[in-house]
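Number of protein chains: 2
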Amino acid sequence: MSVVPLTPVLRPGRLAEEVGADLERRIRRGDFPPGGRLPSESQLAAQFGVSRTVVREAIARLRAEGLVDSRQGAGAFVMQRPGAASFRLRDVSAEPCSDAEVFELRLVVEAAVAERAARRHTAADLAAIAGALARMDAALRAGEGGAEADDAFHRAIAAACGNALLQRLVEFVSQDLSASRRPTWSRDGLIAGRALRAQDEHRALFEAIAAGDGAAARRAAEQHLIGTAARLGVSWSLDPASPSKEPT
Amino acid sequence: MSVVPLTPVLRPGRLAEEVGADLERRIRRGDFPPGGRLPSESQLAAQFGVSRTVVREAIARLRAEGLVDSRQGAGAFVMQRPGAASFRLRDVSAEPCSDAEVFELRLVVEAAVAERAARRHTAADLAAIAGALARMDAALRAGEGGAEADDAFHRAIAAACGNALLQRLVEFVSQDLSASRRPTWSRDGLIAGRALRAQDEHRALFEAIAAGDGAAARRAAEQHLIGTAARLGVSWSLDPASPSKEPT
DNA sequence: TTATATTTGTCCGTATGTATA
DNA sequence: CTATACATACGGACAAATATA
Chain A
1 MSVVPLTPVL
11 RPGRLAEEVG
21 ADLERRIRRG
31 DFPPGGRLPS
41 ESQLAAQFGV
51 SRTVVREAIA
61 RLRAEGLVDS
71 RQGAGAFVMQ
81 RPGAASFRLR
91 DVSAEPCSDA
101 EVFELRLVVE
111 AAVAERAARR
121 HTAADLAAIA
131 GALARMDAAL
141 RAGEGGAEAD
151 DAFHRAIAAA
161 CGNALLQRLV
171 EFVSQDLSAS
181 RRPTWSRDGL
191 IAGRALRAQD
201 EHRALFEAIA
211 AGDGAAARRA
221 AEQHLIGTAA
231 RLGVSWSLDP
241 ASPSKEPT
Chain B
249 MSVVPLTPVL
259 RPGRLAEEVG
269 ADLERRIRRG
279 DFPPGGRLPS
289 ESQLAAQFGV
299 SRTVVREAIA
309 RLRAEGLVDS
319 RQGAGAFVMQ
329 RPGAASFRLR
339 DVSAEPCSDA
349 EVFELRLVVE
359 AAVAERAARR
369 HTAADLAAIA
379 GALARMDAAL
389 RAGEGGAEAD
399 DAFHRAIAAA
409 CGNALLQRLV
419 EFVSQDLSAS
429 RRPTWSRDGL
439 IAGRALRAQD
449 EHRALFEAIA
459 AGDGAAARRA
469 AEQHLIGTAA
479 RLGVSWSLDP
489 ASPSKEPT
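Protein sequences appear in the order of chains A and B. When we follow my numbering, the leftmost residue of the first sequence carries the number 1, and every step to the right adds one. When we follow my numbering, the leftmost residue of the second sequence carries the number 249, and every step to the right adds one.
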């Protein structure tokens, strides 16, 4: 018997999601051109071998994501800019992104947020950031609880940037960094000194923000992201021709 | 004056979307706590006064956006981090964002993309950017067709950044800038010299990219966004305490 | 303009697999 | 193990909006 997290095995899976994913692929591949009409629900149901209810749920998802727009009596039409309404990191239909690409995206938004947090933070913002930093110090001594404080630290910085939209974006692109922080604060991570080095980066970032030095905060955030990637084994040189620019 | 084409007015139709929006508001407001279970489809159908089909389509949308996860036989449960799967600019459930916030977000990603395009562009990338720039010059003389070339110019820069994820993000956050470019290239805009000034900014951006000067490209992109906002009447000072940091 | 066919929107009934008490 | 509750899926039906002849 295997203890490791056995893969999703093979979910007999939501039928509507499979149909929706298939339609999404066809749309993004240009099979259905922008402005063009999709086959009717009855035709799609017959073609996929499912009921019209399943097709309707699939189209409801595509409509919610801005890929199609359906008008009663007319049909479902592909939007002019398919996929312009929502942004997702892991896109089921697009080709998967490399770790380096995701990390660079994080670096961009985290650096911008840190720079603005340094210039716009309130006293309450700074207190929240300092509190999370102190909790990480305590976690370093206690040997536990660092991951949660790490999350709170970065969320507090995001909240201090003064732009709710930027705050939402950075929390969005860093959503699974929460998982990335566990190996840093695990027993192995503490012993290997990964947590100690991360905390050094945190402190530099905090001091730049507290000093109101936007440029220094940007550099500190970039260094922290680079350090995080290195601790996770994501090889990645920032300049000049990284995340893969090979001709497709 | 709002730049974004304020919400689709208020369509009397689509029952499933109204139900979905209502459920989304309740979830984000914490009415249904993370991990908690939603009422059954039958209960929701009775509560909203609609059929189960409508409720199912609404839940399908929430599931696609990562707000809930439904298991057959158990029910629909609120995800631990509601709304962490997708990112949208105009969020029906959240409080609407100000124009200044949207423009700052654009500035962040466009500047980052321009910097990377300067450092990573290929010869083909540069040719595409130069071609769009030339078409804008031609449009300045002809007095028409500038908006399309403007779109192509910025898309070509995005394509040259060497990170497909960043490219998708910048195209996403700048989706309705296409509408913002019309007043610049309209008859009034041409007469008032707005197109001419925009083209000066475009040329500076192109030259920085062609020279491989990332820092200059970043500054040029920032200046272009600031100029665009000014031409659209969006008042916005970059430092230090802008987009509204009033205590809530 | 009228009439007809098509398509989406909505509702209902039913059967099945699954989870839970 | 049994029974209940629930989501999933199917099929039929009608109304409303639209397109077309």
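We put the CB at the ideal spot given by N, CA and C, even for glycine.
Q) In chain order, which alpha helix (DSSP H) runs of at least 4 residues are fully inside the stretch 13–97 of chain A? A) Restricting attention to alpha helix (DSSP H) runs no shorter than 4 residues, the stretch 13–97 of chain A encloses them at 15–28, 41–48, 52–64, ordered along the chain.
**Q.** Enclosing alpha helix (DSSP H) for residue 260(A) [first to last residue]
**A.** Nothing about residue 260(A) can be reported from this structure: the residues present for chain A run from 1 to 248 only.
(Q) Does the contact criterion of 3 or more C-beta pairs under 8 Å hold for the stretch 208–216 of chain A versus the stretch 104–112 of chain A? (A) no
Q) Where does residue 480(B) fall in DSSP's three states? A) coil
Q) Between which two residues does the alpha helix (DSSP H) harbouring residue 181(A) extend? A) Premise fails: residue 181(A) is in no alpha helix (DSSP H) and is neither H nor E.
Q: Consult DSSP for residue 160(A) and reduce its assignment to one of helix, strand or coil.
A: For residue 160(A), the secondary structure class from DSSP, reduced to helix, strand or coil, is coil.
Q: Kindly list the residues whose CB is nearer than 7 Å to the CB of residue 406(B), restricted to its own chain and excluding five residues on each side of it in sequence; keep chain order.
A: Excluding sequence neighbours, residue 406(B) sits near 361, 415, 418, 419.
Q. When burial is assigned at 16 or more other CB atoms within 10 Å of the CB, is residue 34(A) buried or exposed?
A. exposed
Q: Taking residue 161(A) as the reference, give the member of 69(A), 117(A), 154(A) with the closest Cα.
A: 117(A)
Q) Of all the alpha helix (DSSP H) runs that stay within the bounds of the stretch 339–405 of chain B, which reach a length of 4 or more residues? A) 347–368, 371–390
Q.
Does chain A have any CB closer than 8 Å to the CB of residue 396(B)?
A. no
Q: Count the other CB atoms, across all protein chains shown, that sit within 10 Å of the CB of residue 9(A); report buried if there are 16 or more and exposed otherwise.
A: Caution applies to residue 9(A), whose pLDDT of 35 falls short of 50 and renders its modelled position unreliable; the value that the coordinates give is listed next. So residue 9(A) ends up on the exposed side.
Q: Output the distance between the C-alpha atoms of residue 121(A) and residue 87(A), rounded to the nearest integer angstrom.
A: 28 Å
Q) Is the CB of residue 417(B) under 8 Å away from at least one CB in chain A? A) yes
Q | Rounded separation between residue 285(B) and residue 436(B) - CA only | A | 56 Å
(Q) Quick check: what's the CA-CA separation for residue 127(A) versus residue 217(A)? (A) Rounded to whole angstroms, residue 127(A) to residue 217(A) spans 17 Å at the Cα level.
Q) Taking only beta-carbon atoms, is residue 347(B) less than 8 Å away from chain A? A) no
Q: Give me the Cα-Cα distance between residue 291(B) and residue 397(B), rounded to the nearest whole angstrom.
A: Straight-line measurement puts the Cα of residue 397(B) at about 53 Å from the Cα of residue 291(B).
(Q) Using the three-state DSSP reduction, which class does residue 223(A) fall into: helix, strand or coil? (A) Helix at residue 223(A).
Q: Report the rounded CA-to-CA distance for residue 75(A) versus residue 316(B), giving the unit in angstroms.
A: 29 Å
Q: My understanding is that residue 380(B) touches residue 400(B), with C-beta atoms under 8 Å, so please give their C-beta distance in whole angstroms.
A: 4 Å
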